[in-house]
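Novice: There's a structure below that I have some questions on.
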Amino acid sequence: MGKNEIQVYRSVCRSCHGGCLAHLYVKDGRLIRVKPEKGSPFSHGQMCLKGLSIVETLYHPSRLTSPLKRSGNKGEGHWEKIGWDQALNEIAGHIRKIIQSHGPEAVVMGQGTGRHHYMQVVRFANALGTPNWYEPGLANCFFPRITACQMTYGGFVTADYYGEKTPRTIIFWGHNPLVSSPDGELAFSVKKALNAGAVGIAIDPRRSETAKRCRMWLPIRPGTDAALALAMIHVIIDENIYDRDFVENWTAGFDLLKSHVTDYTPRWAAQVTGIPAEDIIETARRYALEKPGVIEWGVALEHTPNAFQTVRAVAILRGLTGNIDIPGGDILGMHILNPYPVLRDKLPLEQSRKRIGSAEFKLLGGFRAQLPSAHIPGVFSAILDETPYPIKALLNFGSNPLTTIANPHRVHQALMKLELVVVADFFMTPTAALADYILPSAMWPEINHIVELPFIAENAVFAQQKVVQVGECRQNEDILIDLSRRLSLPGSEESFEDILDYRLQPLGVTFQELKKISMIYPPHEYLKFKAKGFHTPSQKVELFSASLKRMGYDPLPTYKEPPESPVSTPELFDRFPLILTTGGRRKEFFHSELRQIASIRTKRPHPAAEIHPVTANDSGIANGDWIYVCSPRGKIKMKAVVTKDIRPGVVNIDHGWWFPEKSGPDFGVWESNANILTSSMPPYDPAFGSYQLRGLLCRIEKLNADELAKSLQARSDP
Ligand SMILES: Nc1nc2c(c(=O)[nH]1)N[C@H]1C(S)=C(S)[C@@H](COP(=O)(O)OP(=O)(O)OC[C@H]3O[C@@H](n4cnc5c(=O)[nH]c(N)nc54)[C@H](O)[C@@H]3O)O[C@H]1N2
Ligand SMILES: Nc1nc2c(c(=O)[nH]1)N[C@H]1C(S)=C(S)[C@@H](COP(=O)(O)OP(=O)(O)OC[C@H]3O[C@@H](n4cnc5c(=O)[nH]c(N)nc54)[C@H](O)[C@@H]3O)O[C@H]1N2
Ligand code: SF4
Ligand SMILES: [Mo]
Numbered sequence: 000m001g002k003n004e005i006q007v008y009r010s011v012c013r014s015c016h017g018g019c020l021a022h023l024y025v026k027d028g029r030l031i032r033v034k035p036e037k038g039s040p041f042s043h044g045q046m047c048l049k050g051l052s053i054v055e056t057l058y059h060p061s062r063l064t065s066p067l068k069r070s071g072n073k074g075e076g077h078w079e080k081i082g083w084d085q086a087l088n089e090i091a092g093h094i095r096k097i098i099q100s101h102g103p104e105a106v107v108m109g110q111g112t113g114r115h116h117y118m119q120v121v122r123f124a125n126a127l128g129t130p131n132w133y134e135p136g137l138a139n140c141f142f143p144r145i146t147a148c149q150m151t152y153g154g155f156v157t158a159d160y161y162g163e164k165t166p167r168t169i170i171f172w173g174h175n176p177l178v179s180s181p182d183g184e185l186a187f188s189v190k191k192a193l194n195a196g197a198v199g200i201a202i203d204p205r206r207s208e209t210a211k212r213c214r215m216w217l218p219i220r221p222g223t224d225a226a227l228a229l230a231m232i233h234v235i236i237d238e239n240i241y242d243r244d245f246v247e248n249w250t251a252g253f254d255l256l257k258s259h260v261t262d263y264t265p266r267w268a269a270q271v272t273g274i275p276a277e278d279i280i281e282t283a284r285r286y287a288l289e290k291p292g293v294i295e296w297g298v299a300l301e302h303t304p305n306a307f308q309t310v311r312a313v314a315i316l317r318g319l320t321g322n323i324d325i326p327g328g329d330i331l332g333m334h335i336l337n338p339y340p341v342l343r344d345k346l347p348l349e350q351s352r353k354r355i356g357s358a359e360f361k362l363l364g365g366f367r368a369q370l371p372s373a374h375i376p377g378v379f380s381a382i383l384d385e386t387p388y389p390i391k392a393l394l395n396f397g398s399n400p401l402t403t404i405a406n407p408h409r410v411h412q413a414l415m416k417l418e419l420v421v422v423a424d425f426f427m428t429p430t431a432a433l434a435d436y437i438l439p440s441a442m443w444p445e446i447n448h449i450v451e452l453p454f455i456a457e458n459a460v461f462a463q464q465k466v467v468q469v470g471e472c473r474q475n476e477d478i479l480i481d482l483s484r485r486l487s488l489p490g491s492e493e494s495f496e497d498i499l500d501y502r503l504q505p506l507g508v509t510f511q512e513l514k515k516i517s518m519i520y521p522p523h524e525y526l527k528f529k530a531k532g533f534h535t536p537s538q539k540v541e542l543f544s545a546s547l548k549r550m551g552y553d554p555l556p557t558y559k560e561p562p563e564s565p566v567s568t569p570e571l572f573d574r575f576p577l578i579l580t581t582g583g584r585r586k587e588f589f590h591s592e593l594r595q596i597a598s599i600r601t602k603r604p605h606p607a608a609e610i611h612p613v614t615a616n617d618s619g620i621a622n623g624d625w626i627y628v629c630s631p632r633g634k635i636k637m638k639a640v641v642t643k644d645i646r647p648g649v650v651n652i653d654h655g656w657w658f659p660e661k662s663g664p665d666f667g668v669w670e671s672n673a674n675i676l677t678s679s680m681p682p683y684d685p686a687f688g689s690y691q692l693r694g695l696l697c698r699i700e701k702l703n704a705d706e707l708a709k710s711l712q713a714r715s716d717p
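Heads up: the sequence shown at position 156 corresponds to 155 in the working numbering, and the numbers run straight through without jumps.
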């Protein structure tokens, strides 16, 4: 290729969980431009601003481009650039010593949400012999939903926007896919379905971007979704509008469910949720009668200690109405690839038994768990208290727990206490600043991979390809394989491409071949259960779950009032008279990421707290004021956004805030971090160990003139 020539490659954006097809323009070894691919079946020729900012992000001057070793004390911010060989040899040496003195369980593998290297981290942990790996998504994001689907109908379901028939009714339940969709490309499909006439119903304390496009908005009191779902089940059974044929032939436990929900009337639920009974009835009727219907459920349902029963109740609605695996309904996946070889058999039984939280939270970490992992609050407690045993090292791949995990003060203490902290990231973060070694990771245009869309369509696979190289950045899978070779771990003889080829075997292609054709997308097969039954013990949809009963969990869904609420803790409510919900996604950011990207940050420079005009008025707050949001655990600064698009009495705050423009090691992480207000303490969801991020109590107050001046001063500091 001559100089100045432009090469165009087809690849897939991974700036969120999604996979929008993209054309990458490369000139002289440099990515110069990214354009969405027109013919993409899921992203419909579009990309969002996060993905389109990749050129700016890739070549950002503060990007980490070589391995760093701490040279001063922890957190002092002194670093020495070292080579990969030195970094990985020294890390391997530390790990070996820790294993000799404390066993492999003393090494914890941490990772962030749904990254490309997810399964390689699990594989590394199994090969190393540690049962302790975690990801914030397992207890508090998606795994309760996946498990509820597995236990109710034997497989995960996704909404069918892609066949000839599309949904007539779409319930957006604690989910705002026009902004968040798991992920983006779904937003484009959802928009298309709504434009084509589907009736949307949004269950959300905020009139979100998605709710604004819906026929009905049900502004629920945060944390009470299970009550609403139970009342909808009640209405559908009581009014005999369930799918009689489907229920008779394909479900188990209907009579038990029927008597279980007798008292969960719409009137009862109206009192609990704050949604008028007639709206509950109308929603239930529409979903049952205006078929096909889908339930787009979001993470809000899992940010409570009643996460699993909440998603079970919602899952049951699909079963009652027969909206499963029908064209335009919620469809069951097809599993077209070999599963990732995570080497589960390499983890000895006695090591699995040591997994933190496994005895208590059986669906998170026990033998019945889909992907057994450690309980995050338990891990951080174990680091601090050395019970049940000491933990000495954390290898953190693509997560910023100081911003994303509840109770960051505890996370901070734990990071300071550990003997070895390794962080792989793109940028210096408040978490990376406390590391002993920092490893610079490749971004998506620097990565070879296959991309699946398990939350959108399980029957599609795309090739992602490395088209450029920045500094010494390496793909996390290669870093982990290299480290496992230095530790002589089982499986380390296989290259990453060997793993990709193994996964692609059922499709009869290698990764190199997939790269040439870019995508494989066989048509979806509907109504698979008619031939094979459902993959549950009864081969039916389990409205009553005997498996849950055997494990000691409620076999029929139940409602629990949030542990901190006007009802549970009225005395606390006197002092904290507002309801707090955190973390509704913003289109500009991905969790704590992208705050340093100027083109994005200018669009959303400050952390926001949304409040209703009535709430604002009661507190003497005007739109744009800087306020404190206070919970029993601490207080943070936010900019008030006064809007009628939120339920009165609710405060919705952004999560993930830190300020890369401020000085380290904290980078302002103690100023506006939503998780200073949340709690990682019990009670937890009994099956998953989930904790409360939505539906807590808070109060708000305006900063006084002194505080405001100080705050603005701090904000303009370098
Ligand atoms: N209060 C509150 N807290 C929440 C939530 C909420 O709604 N409210 N949401 C929760 C949920 S659902 C989730 S999933 C978690 C997410 O929690 P995290 O996954 O910890 O979130 P991120 O901020 O995205 O952290 C990712 C870090 O990894 C880096 N990174 C991104 N991609 C890669 C990669 O490919 N390789 C490497 N090495 N690094 C990478 C980024 O630069 C960033 O520093 O947050 C949870 N925390
Ligand atoms: N742009 C962007 N996209 C993302 C992410 C991101 O950080 N940025 N994160 C990704 C990740 S890891 C996840 S998990 C998904 C999450 O994406 P979603 O599942 O869409 O979840 P959120 O946007 O966090 O919240 C959805 C809605 O729930 C509402 N809500 C708050 N509390 C409650 C409640 O108690 N009940 C109900 N019914 N609704 C409530 C909020 O107001 C919000 O509008 O987004 C993914 N996509
Ligand atoms: S929606 Fe996700 S995959 Fe698509 S362009 Fe945006 S960040 Fe990339
Ligand atoms: Mo998540």
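No residue lacks a Cβ here, since even glycine has one placed at the ideal position from N, Cα and C.
(1) The beta strand (DSSP E) that contains A25, what's its start and end?
(2) Between C140 and ligand 4, is there a pair consisting of the residue's CB and a ligand heavy atom that are separated by less than 7 Å?
(3) With respect to 7 Å, is the separation between the Cβ of R600 and the closest non-hydrogen atom of ligand 2 below this value?
(4) Could you give the distance in angstroms between the alpha-carbon of P66 and the alpha-carbon of K96?
(5) So, with DSSP's three-state summary, where would you put P732?
(6) So what does R62 bridge to, in DSSP terms?
(7) Have a look at P143 and L370 and give me their C-alpha separation to the nearest angstrom.
(8) Can you give the Cα-Cα distance for A530 and W249, rounded to whole angstroms?
(9) Among F426, E4, K26 and K49, which one has its Cα closest to the Cα of I599?
(10) Is DSSP giving R473 helix, strand or coil here?
(11) Could you tell me which residues DSSP puts in a beta bridge with D329?
(12) Which residues does DSSP pair with I635 in a beta bridge?
(13) Is it the case that the Cβ atoms of N139 and H302 are separated by a distance below 8 Å?
(14) Please return the same chain residues whose Cβ sits closer than 8 Å to the Cβ of E4, not counting the five positions on each side in sequence.
(15) Measure the Cβ-Cβ separation of A686 and L362 and say whether it is below 8 Å.
(16) Mind checking whether A251 and F588 have CB atoms under 8 Å apart?
(17) Given the structure, does T112 come close to ligand 4, in the sense that its CB is under 7 Å from one of the ligand's heavy atoms?
(18) Taking 8 Å as the threshold, find out whether the segment 435 to 444 comes into contact with the segment 471 to 484 through three or more Cβ pairs.
(19) In the DSSP assignment, find the alpha helix (DSSP H) that holds N131 and state where it starts and stops.
(20) Quick one: is the Cβ of A423 within less than 7 Å of any heavy atom of ligand 1?
(21) Quick check on DSSP: helix, strand or coil for M118?
(22) Under the DSSP definition of a beta bridge, which residues are partnered with Y436?
(23) How far does the beta strand (DSSP E) with N458 in it reach, from first residue to last?
(24) Starting from I516 and walking both ways along the alpha helix (DSSP H), at which residues does that stretch end?
(25) Once you ignore the five residues that flank P612 on each side, which residues in its own chain have a CB closer than 6 Å to its CB?
(26) Would you check if the segment 613 to 631 and the segment 644 to 659 touch, i.e. whether three or more CB-CB distances between them fall below 8 Å?
(27) Let's test the definition: count the other Cβ atoms within 10 Å of the Cβ of Y117 and tell me whether it reaches 16, buried, or not, exposed.
(28) Would you kindly work out how many angstroms separate the C-alpha atoms of N229 and H115, rounded to a whole number?
(29) Enumerate, from N- to C-terminal direction, the unbroken alpha helix (DSSP H) stretches of 4 or more residues contained entirely within the segment 577 to 657.
(30) Would you say G688 and H374 are within 8 Å of each other, going by their C-beta atoms?
(31) Excluding the 5 residues preceding and the 5 following R268 in the sequence, name in chain order all residues of the same chain whose CB lies nearer than 6 Å to its CB.
(32) May I ask you to check if the CB of A655 is nearer than 7 Å to at least one heavy atom of ligand 3?
(33) Throw me the rounded Cβ distance for the I232 and G273 pair, which I believe falls under 8 Å.
(34) Grab me the residues of T309's own chain with a C-beta within less than 6 Å of its C-beta, minus the 5 sequence neighbours each way, in chain order.
Specialist: The answer reads as follows:
(1) The sequence shown places Val at residue 25, not Ala. It spans L20 to K26 - the beta strand (DSSP E) in which V25 sits, taken as one unbroken run.
(2) Checking every heavy atom of ligand 4 against the Cβ of C140, one is found closer than 7 Å.
(3) no
(4) 22 Å
(5) Nothing can be reported for residue 732: it is not among the residues displayed for the chain, which extend from 0 to 717.
(6) F426
(7) 11 Å
(8) 12 Å
(9) K49
(10) strand
(11) A158 and I323
(12) Partner(s): V628.
(13) yes
(14) K26
(15) A686 is a Cβ neighbour of L362, given a cutoff of 8 Å.
(16) no
(17) Yes, Cβ of T112 sits closer than 7 Å to a heavy atom of ligand 4.
(18) These segments touch.
(19) Per DSSP, N131 belongs to no alpha helix (DSSP H) and is neither H nor E.
(20) yes
(21) In the structure shown, the three-state DSSP call for M118 is helix.
(22) According to DSSP, Y436 bridges with K68 and V421.
(23) A456 to Q463
(24) F510 to I516
(25) Same-chain partners within the cutoff: V641.
(26) yes
(27) buried
(28) The sequence given here has Leu at residue 229, not Asn. Those two C-alpha atoms are separated by around 37 Å.
(29) 597 to 600 and 612 to 618
(30) yes
(31) For the sequence presented, residue 268 should be read as Ala rather than Arg. A226, L227, A230 and I279.
(32) The question names Ala, yet the displayed sequence has Gly at residue 655. With a cut-off of 7 Å, the C-beta of G655 is classified as distant from ligand 3, since no heavy atom of the ligand falls inside that distance.
(33) Actually they are not in contact, since the Cβ atoms of I232 and G273 sit about 19 Å apart, beyond 8 Å.
(34) D224, A225 and L300
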